[in-house]
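Taking it in order: structure first as structure tokens, then the write-up.
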Amino acid sequence: MKNFELFICPKCGKNLYAKALSLYCDSGHCYDIARAGYVNLVLGSKRTPSGDGDAAIAARRKVMAAGYYDRLYAFFEELTPEGAFLDVGTADGSLPGRLSEKFPDTSFYGTDLSKYAIEKAAKTYKNVCFAVANNAKLPFADASFDTVSAVFTTVFPSEFARVLKPGGKFVRVTPGKDHLIEIRRALYDEVRENAYDDSLPEGFERLCSAELKDSFRVGRELMPELIRMTPYGVKSDRERLKAVSEGECEVSLDFRADTYIKEG
Ligand SMILES: C[S@@+](CC[C@H](N)C(=O)[O-])C[C@H]1O[C@@H](n2cnc3c(N)ncnc32)[C@H](O)[C@@H]1O
Ligand SMILES: [Zn+2]
């Protein structure tokens, strides 16, 4: 189900209403709904595209299509999302997109700072409501969502708590210690453990933590795309990076999913 009713005006905070091809608030602010079916609710100079660019998003798409996130999708399906679900930093929108096919009675939303990403997401997943928006200042009314997910993206717990209903869930996914370990070993002499922030986000109680492990065959054609999705492309020795990019291997996937409940 697609609707724009949970959005608020980023200028004055009043509710937005869809009329023809725009969203309006009672103060007279207006935002165009792009032809692809999304809105850009980032204001002023910050409207210039930021976040991941076109090449990174295209790479992400190919890797996802090859099954990279299948274990993660299964985890979210097991949550049986109901009501309203927001995926922040959604990139190509494949998580809410896939879930919307399985749970047609749930309202799915996806936001990202990257206009490229949201444009592609909106063209592909017509049942999801997408907006260009910053995780730090989400254009949604207080207590709008039953679930907020943040997968490999920046988190602002107090802002996520604001848009969640009391008792709503915040699901944060970060890399576990073995995530892509084979690639990191090939690139670095000393492999540092992925930093994990175990602190409880303010305003939340911990519900559960899950380790989601899988293995993933990366053929030669996919390896450069996988590397492009990671930070390794800019943080590695050129020669070693070239060797890895031209190779193929079976990699470990290790996702850590922490689920919190909003207090109150
Ligand atoms: C590593 S990607 C992960 C994307 C997606 N969640 C996934 O797992 O496939 C991080 C995404 O977060 C977005 N991002 C980073 N900081 C953001 C912010 N402050 N607000 C909104 N999006 C942000 C980037 O544009 C990028 O699309
Ligand atoms: Zn307004």
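Take 2 as the starting number for the sequence shown in our numbering and just add one per residue. Positions of the beta carbon are idealized from the N, C-alpha and C atoms, including for glycine.
Residues of its chain near residue i, where Cβ-Cβ distance is below 6 Å and the 5 sequence neighbours each way are ignored
{"i": "T148", "result": "P82, F86, K170"}
{"i": "A123", "result": "A37, G38, Y39, F131"}
{"i": "M2", "result": "Unreliable positioning characterises M2 in this predicted model, as indicated by a pLDDT of 46, which lies under 50. The coordinate reading is nonetheless provided below. Hits under 6 Å: S108."}
{"i": "N41", "result": "V133"}
{"i": "E183", "result": "C250, V252"}
Residue i: CB within 7 Å of a non-hydrogen atom of ligand 2
{"i": "H30", "result": "yes"}
{"i": "K170", "result": "no"}
{"i": "K138", "result": "no"}
{"i": "K20", "result": "no"}
Run of the beta strand (DSSP E) containing residue i, from where it starts to where it stops
{"i": "G169", "result": "165-176"}
{"i": "I262", "result": "250-263"}
{"i": "A211", "result": "205-219"}
{"i": "V40", "result": "39-41"}
Proximity test, residue i beta-carbon vs ligand 4 heavy atom, cut-off 7 Å
{"i": "F146", "result": "This structure does not include ligand 4; its bound ligands are ligand 1 and ligand 2."}
Bounding residues of the alpha helix (DSSP H) (the contiguous stretch that carries residue i)
{"i": "D71", "result": "71-79"}
{"i": "S246", "result": "239-246"}
{"i": "S95", "result": "95-103"}
{"i": "V129", "result": "No alpha helix (DSSP H) contains V129, which DSSP labels as neither H nor E."}
{"i": "V64", "result": "55-66"}
{"i": "R186", "result": "182-188"}
{"i": "L227", "result": "224-230"}
Bridge-paired residues (DSSP) for residue i
{"i": "F141", "result": "F8"}
{"i": "L24", "result": "A19, Y32"}
{"i": "S108", "result": "A85"}
{"i": "N135", "result": "K138"}
{"i": "F146", "result": "L165"}
Neighbourhood of residue i by C-beta, 8 Å cutoff - its chain only, sequence neighbours within 5 removed
{"i": "P167", "result": "A144, K263, E264, G265"}
{"i": "C31", "result": "S23, L24, Y25"}
Same chain, Cβ closer than 7 Å to residue i, five either side skipped, listed in chain order
{"i": "R218", "result": "E251"}
{"i": "T260", "result": "K170, V172, L208, C209"}
{"i": "A211", "result": "F76, A258"}
Heavy atom of ligand 1 within 7 Å of residue i beta-carbon
{"i": "N135", "result": "yes"}
{"i": "D255", "result": "no"}
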